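2 protein chains.
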Amino acid sequence: MGQVSIKDIAKAAGVSFSTVSRALNGNPLISQEVRARVQTLAREMGYTPNALAQGLQSRMSHTVGLVITTISDPFFVDVVKGVEEVAREANFSLVLATSNNDPDQEMKIIETFSRRRVDGVIVAASQITSDYAARLEGIRIPVVMVNEQAMGGAGQQLFSVTVDDFAGGRLAVEHLIGLGHRSIGYIGAGNRPRSNSRRYRSYQAVLAEHGILPAPEWSCLSKETAIGDLEGDIRIGQCIVPQLLEAGVTAVFCYCDTVAVGAMLACHDLGVRVPEQVSLIGYDDNLLSEVTRPRLTTIHQPKREMGQAAMRMLLACMSGSQIGDLTLQPSLLVRGSTAPPHDTA
Amino acid sequence: MGQVSIKDIAKAAGVSFSTVSRALNGNPLISQEVRARVQTLAREMGYTPNALAQGLQSRMSHTVGLVITTISDPFFVDVVKGVEEVAREANFSLVLATSNNDPDQEMKIIETFSRRRVDGVIVAASQITSDYAARLEGIRIPVVMVNEQAMGGAGQQLFSVTVDDFAGGRLAVEHLIGLGHRSIGYIGAGNRPRSNSRRYRSYQAVLAEHGILPAPEWSCLSKETAIGDLEGDIRIGQCIVPQLLEAGVTAVFCYCDTVAVGAMLACHDLGVRVPEQVSLIGYDDNLLSEVTRPRLTTIHQPKREMGQAAMRMLLACMSGSQIGDLTLQPSLLVRGSTAPPHDTA
DNA sequence: TTGTAAGCGTTATCAA
DNA sequence: TTGATAACGCTTACAA
Numbered sequence: 150m151g152q153v154s155i156k157d158i159a160k161a162a163g164v165s166f167s168t169v170s171r172a173l174n175g176n177p178l179i180s181q182e183v184r185a186r187v188q189t190l191a192r193e194m195g196y197t198p199n200a201l202a203q204g205l206q207s208r209m210s211h212t213v214g215l216v217i218t219t220i221s222d223p224f225f226v227d228v229v230k231g232v233e234e235v236a237r238e239a240n241f242s243l244v245l246a247t248s249n250n251d252p253d254q255e256m257k258i259i260e261t262f263s264r265r266r267v268d269g270v271i272v273a274a275s276q277i278t279s280d281y282a283a284r285l286e287g288i289r290i291p292v293v294m295v296n297e298q299a300m301g302g303a304g305q306q307l308f309s310v311t312v313d314d315f316a317g318g319r320l321a322v323e324h325l326i327g328l329g330h331r332s333i334g335y336i337g338a339g340n341r342p343r344s345n346s347r348r349y350r351s352y353q354a355v356l357a358e359h360g361i362l363p364a365p366e367w368s369c370l371s372k373e374t375a376i377g378d379l380e381g382d383i384r385i386g387q388c389i390v391p392q393l394l395e396a397g398v399t400a401v402f403c404y405c406d407t408v409a410v411g412a413m414l415a416c417h418d419l420g421v422r423v424p425e426q427v428s429l430i431g432y433d434d435n436l437l438s439e440v441t442r443p444r445l446t447t448i449h450q451p452k453r454e455m456g457q458a459a460m461r462m463l464l465a466c467m468s469g470s471q472i473g474d475l476t477l478q479p480s481l482l483v484r485g486s487t488a489p490p491h492d493t494a
Numbered sequence: 150m151g152q153v154s155i156k157d158i159a160k161a162a163g164v165s166f167s168t169v170s171r172a173l174n175g176n177p178l179i180s181q182e183v184r185a186r187v188q189t190l191a192r193e194m195g196y197t198p199n200a201l202a203q204g205l206q207s208r209m210s211h212t213v214g215l216v217i218t219t220i221s222d223p224f225f226v227d228v229v230k231g232v233e234e235v236a237r238e239a240n241f242s243l244v245l246a247t248s249n250n251d252p253d254q255e256m257k258i259i260e261t262f263s264r265r266r267v268d269g270v271i272v273a274a275s276q277i278t279s280d281y282a283a284r285l286e287g288i289r290i291p292v293v294m295v296n297e298q299a300m301g302g303a304g305q306q307l308f309s310v311t312v313d314d315f316a317g318g319r320l321a322v323e324h325l326i327g328l329g330h331r332s333i334g335y336i337g338a339g340n341r342p343r344s345n346s347r348r349y350r351s352y353q354a355v356l357a358e359h360g361i362l363p364a365p366e367w368s369c370l371s372k373e374t375a376i377g378d379l380e381g382d383i384r385i386g387q388c389i390v391p392q393l394l395e396a397g398v399t400a401v402f403c404y405c406d407t408v409a410v411g412a413m414l415a416c417h418d419l420g421v422r423v424p425e426q427v428s429l430i431g432y433d434d435n436l437l438s439e440v441t442r443p444r445l446t447t448i449h450q451p452k453r454e455m456g457q458a459a460m461r462m463l464l465a466c467m468s469g470s471q472i473g474d475l476t477l478q479p480s481l482l483v484r485g486s487t488a489p490p491h492d493t494a
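These protein sequence lines are chains A and B, in that order.
Under this note's numbering, the letters of the first sequence match residues 150 to 494, in that order.
Under this note's numbering, the letters of the second sequence match residues 150 to 494, in that order.
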């Protein structure tokens, strides 16, 4: 057969296979001579320990499952990156699965992770239904949710790492108000109901604080596609911006950068100049925000840090530490797409 | 303990555990009555088969390892997507690892995959050193390389799915020549030596066919970063385009869309209009190419199809089929960044 | 139709 | 310091 086992080495070395196991695992109860002989033999014979057997025996697979909605969303790309970095360093393998926001697939993914006896799960799926928690309830392993509030049941080890959406929304809207805008629109993404609603509510709250009552036509919570893929989000921005311009807004707060890019493209195609005629602010600080002209002013989310934190929390949890939820802070990134309103009004 | 095993079910059902195994696996040699009882019991007790034990026994982990250079490159994102789709459908899990083009990490990844007894490996790392083949040689599992020629040793099951870079380069350059351009530049990415060199060579060949001898100043094969991440590629385009414009080119063939986006940004910042003053053509058809203004003319690569094909080849190979390498064809996607040269010369 | 037993590759316990 | 032996959870001959 292809693979050499410790029995094969034992035979070759003329010792018992438990001795081989000890020699290979740095067990001190073994003579230098035997250890050396076994180790060279193992190398020569091309021995690779069988992680399946080790996992079966130790009841640890050294594996974590990572669920994301779609890999097409640049947001998740960075989260995955962060997770991967920490996982690699800790010698954990990553089992990747995408849910496409399909409950059936989510179900299947949880089931698969459970079969594989992953030691932990990270869920970075923006549209979490409450079902998720219930599904995860069954399996007895720690779960960290990225960007969704965790509301675990009794004995469940359910945690979350989030970025404060209210703070982010405030940052964005206060920036626009600070520039002198009063008629500020909001373009939402209805397919991410939770974070969208948080950002929308902070938009309303901040306007209210400044004595501004937003007209209903100033905002639209579109629901283009089930999953938040790039094309869909861009289309949201493209489709909605004309209505808002019509309604007379001088600035638009967009749910995410991708929506903002769509908005900017629509402005370009309409001959409306950004930021001279309308200011645009995004959210996320994703790769697209750097390549538009003007560059997009946006709310930076520490995406990679979220991924890293999620994985670190999992590791801490496995090693028995008591851990709690984590909330990171967003920050304002002023680039070229926002400016004081043109004195038209 | 948390997990229920077939023994627990056996005890509860008052049968032997092998009977349980049979009942659960649809073995026909069992009475309807026992089968039903065992199955309900399994459901009630929350039984989930242990994939580690199954894998140990069956010598199949139902897992494939996927190595990519970096998840920051949109090219890989789509490849991963394709792989994932087919894997999911076939009930295979995906173990994801990124190499960052670091030989040490690559080494470690192969080692890890080998320990985990993955049933196959897909390598989508653009900068393959010859070491790779050697490293993979050791492990007896099928390997499919995406976008790199496979040159496997004797008994090795090493395959490849590629897109014809020569054809792609030809498509691009002939498009520019067809528009009337004669002074055509090339911006390469020296950190992807193989595909870069193929595209560059076809650039030279096509020009030669048309009696054009490219000046040395028309092309530059930059090597910005070790890995082909987005920022690095954009910077390549940005840095090199001024020199080429200086050298008098009226059109530029860029190694990939990201480089082309960098080039377009540089043109924008220089006040050089695309395509009026200079035509730009990219390669890949990635997400960025859609959001620039003008939209980027490019060579479409069937990235997702490559991922799908790679995974299908692996599955075929596992099921004992004889398979061969696959070459897909690129296609020209004419958008707004190319036009006939301005009559300056 | 069902039970017994062996084996997959490890680690760990207990004697020797 | 080493060797049997059991156990991890499962599948699969082989017996009954």
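Heads up, the beta-carbon is just placed ideally off N, CA and C, and yes, glycines get one too.
Keep in mind the model is a prediction, meaning the values are calculated, not measured.
Where does residue i land, buried or exposed, given buried means 16+ other C-beta within 10 angstroms?
i	result
residue 252 (chain A)	exposed
residue 446 (chain B)	buried
residue 461 (chain B)	buried
residue 418 (chain B)	exposed
residue 165 (chain B)	exposed
residue 233 (chain A)	buried
residue 160 (chain A)	exposed
residue 270 (chain A)	buried
Give me the DSSP bridge partner(s) of residue i.
i	result
residue 433 (chain B)	B:449
residue 271 (chain A)	A:215 and A:293
residue 401 (chain A)	A:334 and A:429
residue 369 (chain B)	B:336
residue 246 (chain B)	B:216
residue 480 (chain B)	B:449
residue 475 (chain A)	A:310
Nearest-angstrom Cα distance between residue i and residue j?
i	j	result
residue 344 (chain A)	residue 341 (chain B)	39 Å
residue 227 (chain B)	residue 296 (chain B)	13 Å
residue 363 (chain A)	residue 237 (chain A)	48 Å
residue 401 (chain B)	residue 336 (chain B)	7 Å
residue 412 (chain A)	residue 290 (chain B)	48 Å
residue 152 (chain B)	residue 488 (chain A)	59 Å
residue 169 (chain A)	residue 183 (chain A)	9 Å
residue 310 (chain B)	residue 256 (chain B)	22 Å
residue 197 (chain B)	residue 262 (chain A)	10 Å
residue 370 (chain B)	residue 385 (chain B)	9 Å
residue 458 (chain B)	residue 334 (chain A)	45 Å
residue 223 (chain B)	residue 223 (chain A)	9 Å
residue 177 (chain A)	residue 171 (chain A)	8 Å
residue 308 (chain B)	residue 367 (chain B)	36 Å
residue 219 (chain A)	residue 439 (chain B)	19 Å
residue 205 (chain A)	residue 199 (chain A)	10 Å
residue 211 (chain A)	residue 260 (chain B)	14 Å
residue 216 (chain A)	residue 274 (chain A)	7 Å
What residues of chain A sit near residue i, judged by a beta carbon separation below 8 Å?
i	result
residue 452 (chain B)	Those do not exist, as residue 452 (chain B) stays about 12 Å from chain A at its closest Cβ, beyond 8 Å.
residue 410 (chain B)	440
residue 417 (chain B)	442
residue 383 (chain B)	439 and 440
residue 226 (chain B)	220, 221 and 226
residue 414 (chain B)	440 and 442
Residues of chain A with a CB under 7 Å from the CB of residue i: which are they?
i	result
residue 261 (chain B)	242
Below 8 Å on C-beta distance, what does residue i contact in chain B?
i	result
residue 233 (chain A)	220, 245, 246 and 247
residue 199 (chain A)	205, 264 and 266
residue 210 (chain A)	201
If the cut is a Cβ gap below 7 Å, which residues of chain B does residue i touch?
i	result
residue 445 (chain A)	Those do not exist, as residue 445 (chain A) stays about 11 Å from chain B at its closest Cβ, beyond 7 Å.
residue 463 (chain A)	What residue 463 (chain A) touches in chain B: nothing, since even the nearest Cβ is about 16 Å away.
residue 229 (chain A)	220
residue 436 (chain A)	379
Practice task
Only counting runs of 4 or more residues, tell me where the alpha helix (DSSP H) segments fall wholly within the region 294-343 of chain B, in order along the chain.
Solution key: 314-327
Exercise for the section: Please list the segments of the beta strand (DSSP E) lying wholly inside the region 161-233 of chain B, counting only runs of 3 or more residues, in order along the chain. Expected result: 212-217
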